[in-house]
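Chains as they are written, first to last, in the numbering used here: chain S, 1 to 213; chain C, 214 to 426.
Idealized CB from N, CA, C, for every residue including glycine.
Data first, discussion second: the structure below is written as C-alpha cells.
There are 2 protein chains.
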Amino acid sequence: MPEGLVTFPKATISRFPLYFRVLTEYNHQNIALVSSEEMAQKVGVTPSQLRKDLSYFGSLGIRGAGYDVAYLLTKIKEILGMDRKRRLGIIGAGKLGMALAGYSGLKQHGLEVSALFDTDQAKWGAINEQLTVFPLSELAVQRERLGLEIAVLTVPKVAAQRVAELAVEAGFAALWNFAPVRLEVPPEIIVQYEDIVVGILTLSHHLARKLGT
Amino acid sequence: MPEGLVTFPKATISRFPLYFRVLTEYNHQNIALVSSEEMAQKVGVTPSQLRKDLSYFGSLGIRGAGYDVAYLLTKIKEILGMDRKRRLGIIGAGKLGMALAGYSGLKQHGLEVSALFDTDQAKWGAINEQLTVFPLSELAVQRERLGLEIAVLTVPKVAAQRVAELAVEAGFAALWNFAPVRLEVPPEIIVQYEDIVVGILTLSHHLARKLGT
DNA sequence: TTGAGATTGTGAAATTAATCACAAGGGGAG
DNA sequence: CTCCCCTTGTGATTAATTTCACAATCTCAA
Ligand SMILES: NC(=O)c1ccc[n+]([C@@H]2O[C@H](COP(=O)([O-])OP(=O)(O)OC[C@H]3O[C@@H](n4cnc5c(N)ncnc54)[C@H](O)[C@@H]3O)[C@@H](O)[C@H]2O)c1
Ligand SMILES: NC(=O)c1ccc[n+]([C@@H]2O[C@H](COP(=O)([O-])OP(=O)(O)OC[C@H]3O[C@@H](n4cnc5c(N)ncnc54)[C@H](O)[C@@H]3O)[C@@H](O)[C@H]2O)c1
Chain S
1 MPEGLVTFPK ATISRFPLYF RVLTEYNHQN IALVSSEEMA QKVGVTPSQL
51 RKDLSYFGSL GIRGAGYDVA YLLTKIKEIL GMDRKRRLGI IGAGKLGMAL
101 AGYSGLKQHG LEVSALFDTD QAKWGAINEQ LTVFPLSELA VQRERLGLEI
151 AVLTVPKVAA QRVAELAVEA GFAALWNFAP VRLEVPPEII VQYEDIVVGI
201 LTLSHHLARK LGT
Chain C
214 MPEGLVTFPK ATISRFPLYF RVLTEYNHQN IALVSSEEMA QKVGVTPSQL
264 RKDLSYFGSL GIRGAGYDVA YLLTKIKEIL GMDRKRRLGI IGAGKLGMAL
314 AGYSGLKQHG LEVSALFDTD QAKWGAINEQ LTVFPLSELA VQRERLGLEI
364 AVLTVPKVAA QRVAELAVEA GFAALWNFAP VRLEVPPEII VQYEDIVVGI
414 LTLSHHLARK LGT
C-alpha cells in the first residue's frame with residue numbers, strides 16, 4: 001500500500017499524540033507488546049478505530065499477538081514528524097509566550113523553543129542560559145542561525161496579522177497561532193490555530209444546557 | 214421546532230464562538246444586518262454551513278434580508294451560556310494558571326476568574342485587588358462563597374486526577390483540564406480537555422509531509 | 001398594493017468518518 | 001511440523017456531517 005496516496009480522516013492524526021502518550025507509558029513499564037483492545041481502552045477509543053487509524057500507515061502490528069511497543073513508537077514518531085527535533089521561535093514574550101517557553105511538554109515531544117521575539121525593548125535580552133528575547137528585526141537572522149521552522153504567535157490579536165506576514169517574510173514554514181484571528185498567509189504556509197475560547201465556550205454551552213441556563 | 218429535541222453535529226457548537234466574534238465586530242462597526250454569505254466568508258465556512266448551524270436553534274434570520282446582528286448576538290450568547298457571568302477557579306497557580314488568570318479574552322466572553330488555588334504555600338495570598346491564591350483546603354468554602362462553577366486544572370499531570378476528585382467533592386460542576394491526562398470523574402461532571410500538544414504535533418505532521426520529513 | 005429581487009431555511013444528495021465482522025496470518029504448544 | 005488460538009487488517013456497512021439546490025417568504029421601490 002503506497003503510503004503517500006492513502007487518504008484518512010483528519011481526526012486520525014489528532015489521535016496519534018494520544019497513542020504516543022500511552023505507548024510511552026507502556027515503554028516505561030517495560031511492556032513490549034500490547035493489544036489494540038488494551039491500548040484503545042486506555043486512550044478512550046474503540047479497538048477497531050485504533051486499528052483502522054494505524055492501518056492507514058501500513059501493517060504495523062503482529063497478527064495474533066498485538067503491537068510491538070518500541071516499533072510502534074518509532075513509527076508514530078515518524079508519522080508525527082517527531083523523528084527529528086523541530087525548533088520553535090515564540091513571537092510575543094508576554095504571559096502566554098513565557099508560559100509556553102517554560103513548558104516541558106514541548107521538549108518531551110521533540111519540540112524545542114529556541115528563541116523569543118518581542119517589540120517591547122524592556123523584554124530584550126537573556127532569560128536564562130538557553131533562551132534570549134530578540135527584537136523583531138532579528139527574526140530572519142535568528143531563524144536562519146538557530147534553524148527555526150515554526151513561529152508561535154502569542155501577540156495581541158491586533159498585531160497577529162502583521163506579525164504573521166513578518167514571520168513568513170523571515171522564512172518560517174509554519175505558524176502556530178494563539179491569537180483569536182484568522183490569518184491571511186500564502187497557501188504553502190502551514191497554519192495551526194489554537195483557540196482556547198472555543199473550548200471554554202463549548203463547556204459553557206454544556207453547562208447552560210445541563211442547568212437550564 | 215422544539216429546541217430541546219433537535220440534534221446537531223458536535224462541531225456546530227465549536228463554530229459558534231467564531232460567529233460570535235465576527236458579529237461583535239459588525240456590531241462595533243454599527244452594521245445592523247449581515248448576509249450568511251458575507252459572514253461565512255469572514256469566518257471561513259460555507260454560507261450553507263452557517264445557515265444550517267443557526268437553523269438548529271430556530272429561524273434566526275430574515276428571508277430576503279439577512280441576519281440582524283444584535284438579535285443574533287443575543288441568541289448566540291444564550292446558546293453558549295454567555296447570557297450570565299460564569300465564575301472560574303484556577304487550580305495550579307503556575308506558569309499556565311497565571312497566564313490564564315490574566316487573560317482578558319475570558320472576561321470578554323462572560324467568564325471571570327475569581328480565585329486561584331495551589332498547594333505551594335509560597336503562592337498563597339493576594340495577587341492584586343481582585344485575585345487571591347488560596348490553599349486547596351479552601352476549595353469548597355471559596356467555591357460556595359464566590360459562586361465558582363468551573364474548575365480550571367493547570368496542575369502537573371501526576372496531580373491532575375487527584376485534584377479533579379477534590380474539585381468534584383468541593384462541588385464544581387465542570388472541569389476545564391489542561392493537564393495531558395484523561396480524567397475519571399462521575400458522569401454528571403462536564404469535562405473539557407485542552408490539549409495543546411495535539412495541535413503542535415498535527416502541525417509537525419503536516420510539516421513532515423510537506424518537507425518529506 | 002404589487003412585483004421584482006434577494007436571501008433564508010431545509011429536505012435530499014453527496015461526502016466523510018466510524019463501526020462491524022470476519023478472513024488472513026502469526027505464535028507457540030506439543 | 002502441525003494445528004489451534006489469538007489478534008490484526010480491512011472490505012462492507014452504518015452513521016454522521018456537509019453540501020446542494022430550490023421553495024418559501026421577506027424587503028423595498030414605484
Ligand atoms: N494569556 C492567556 O492565557 C492566553 C490564552 C489564549 C490565548 N491568548 C492569546 O495570546 C496572545 C497573547 O496573550 P498574552 O496574555 O500573553 O498577552 P500579553 O500582553 O501578556 O503579551 C503580549 C506580548 O506581545 C508583545 N507584542 C505586542 N505587539 C507585538 C508585535 N507587533 N510584535 C511582537 N510582539 C508584540 C507585547 O510586548 C507582549 O510582550 C493574545 O492574542 C491572546 O488573545 C492568551
Ligand atoms: N506551561 C504551558 O504553557 C502549558 C501548556 C499546556 C499545558 N500545560 C499543562 O498545564 C499544567 C501546568 O503547567 P505549568 O507549566 O503551569 O506548570 P507549573 O509547574 O508552572 O505550575 C504548576 C502549579 O501547580 C501547583 N501544584 C502542584 N501540585 C498541586 C496540587 N496537587 N494541587 C494544586 N496545585 C498543585 C504547583 O505548586 C505549581 O504552582 C501541566 O499539566 C502542563 O502539562 C502547560
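Verify whether the separation of the beta carbon atoms of S:V198 and C:S227 is less than 8 angstroms.
yes
How many Å lie between C:R395 and S:Q161 at the Cα?
35 angstroms
Pairwise C-alpha distance: C:S249 and C:K290:
18 angstroms
S:K107 CB to nearest chain C CB: under 8 angstroms?
S:K107 does not count as touching chain C.
In the DSSP assignment, find the alpha helix (DSSP H) that holds S:V168 and state where it starts and stops.
157-169
One question on the structure: do S:A151 and S:G92 come within less than 8 angstroms of each other, judged by their Cβ atoms?
Result no, Cβ atoms of S:A151 and S:G92 do not sit closer than 8 angstroms.
Just grab the DSSP bridge partners of C:I303 for me.
Beta-bridge annotation (DSSP): C:I303 is paired with C:L329, C:V365.
Looking at C-beta atoms only, is the number of pairs between the stretch 227-238 of chain C and the stretch 277-295 of chain C that lie closer than 8 angstroms three or more?
Touching, yes.
Give the residues whose C-beta lies closer than 7 angstroms to at least one heavy atom of ligand 1, in chain order.
S:I91, S:G92, S:A93, S:G94, S:K95, S:L96, S:G97, S:F117, S:D118, S:T119, S:D120, S:K123, S:L136, S:T154, S:V155, S:P156, S:K157, S:A159, S:A160, S:R162, S:V163, S:F178, S:A179, S:P180, S:I196, C:A312, C:L313, C:G315, C:Y316, C:G318
Would you tell me roughly how many angstroms separate the C-alpha atoms of C:V322 and C:M295, rounded to the nearest one?
Note that residue 322 of chain C is His in the sequence shown, not Val. Spanning the two alpha carbons is a distance of roughly 7 angstroms.
Would S:E149 be called buried (16 or more neighbouring beta carbons within 10 Å of its own) or exposed?
buried
When the cut-off is 8 angstroms and only beta carbons count, does C:Q405 lie next to chain S?
At least one chain S Cβ lies under 8 angstroms of C:Q405.
Quick one: is C:T287 near chain S, going by C-beta distance under 8 angstroms?
C:T287 does not count as touching chain S.
Let me check understanding here. Comparing Cα to Cα, which of C:K370, C:E382, C:V376 lies closest to C:D408?
C:K370
So which residues of chain C does S:G81 contact, with C-beta pairs closer than 9 angstroms?
L414, L416, S417, H418, H419, L420, A421, R422, L424, T426
For my contact list, C:V368 and C:A392 are in at a C-beta cut-off of 8 angstroms; report their separation, rounded to the angstrom.
6 angstroms
Mapping DSSP to helix, strand and coil, what is S:A101?
helix
For the stretch 222-239 of chain C, enumerate the residues whose C-beta is nearer than 9 angstroms to any C-beta of chain S, in chain order.
K223, I226, S227, R228, F229, P230, L231, F233, R234
Apart from the five residues just before and just after S:F8, which ones in its own chain have a Cβ nearer than 6 angstroms to its Cβ?
Y56
Within chain S, partners of C:E362 - CB distance below 7 angstroms:
At a beta-carbon threshold of 7 angstroms, the residues of chain S lying near C:E362 are L207, ordered along the chain.
Proximal residues to C:G279 (C-beta, below 6 angstroms), its chain only, five neighbours per side dropped
So the qualifying residues of the chain are L246, V247, S248.
For C:A353 and C:E378, what's the separation of their Cα atoms in angstroms?
12 angstroms
DSSP three-state label for S:I200, please.
helix
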